[in-house]
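Single-structure report; data block below.
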Amino acid sequence: MAESTIQQQPLAGWDKPELDLSNADWHSSSRGLGDVQIAFVEGFIAMRNSGRPESPSLIFTPAEWGAFVSGAREGEFDLT
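Just so we're on the same page, the numbering used here is the position in the sequence shown counted from 1, plus 117.
So, in structure tokens, the structure goes:
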């Protein structure tokens, strides 16, 4: 895996730890058709773009992940 040259700055009010994702076990959708991969690391859920794995990952707490998945299932993010 290539080293990332993207500098990540902590966000104001960021209350999540800096996670080492270099050895994360990334998973694609069950069909393997999606552009998103997730990994469970140190009690958090990381999500990244599989087409650009060097780009920054989104980090969710379990509660945030649950709300995201629930919203997706209910169509909250569908284009209308």
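Built from N, CA and C at the ideal position, the CB exists for glycine as well.
Computed from a predicted model, the values in this text were never measured in an experiment.
Around the beta-carbon of A189, fewer than 16 other beta-carbon atoms lie within 10 Å, marking it exposed. Judged by DSSP secondary structure, R190 falls within the alpha helix (DSSP H) whose first and last residues are 179-190. The distance from the Cβ of S167 to that of V153 is about 7 Å, consistent with a contact at the 8 Å cut-off. Of the residues M164, L138, K133, the one whose Cα lies closest to the Cα of S146 is M164. At a Cβ-Cβ threshold of 8 Å, L136 and V158 count as neighbours. Sequence-distant Cβ neighbours of E191 in its own chain, meaning closer than 8 Å and more than five residues away, do not exist here.
Close CB contacts of F161 within its chain, under the 7 Å cut and outside five residues either way in sequence, are with K133, L136, I176, F177, T178 (chain order).
Straight-line spacing of the CA atoms in F194 and P173 works out to 21 Å.
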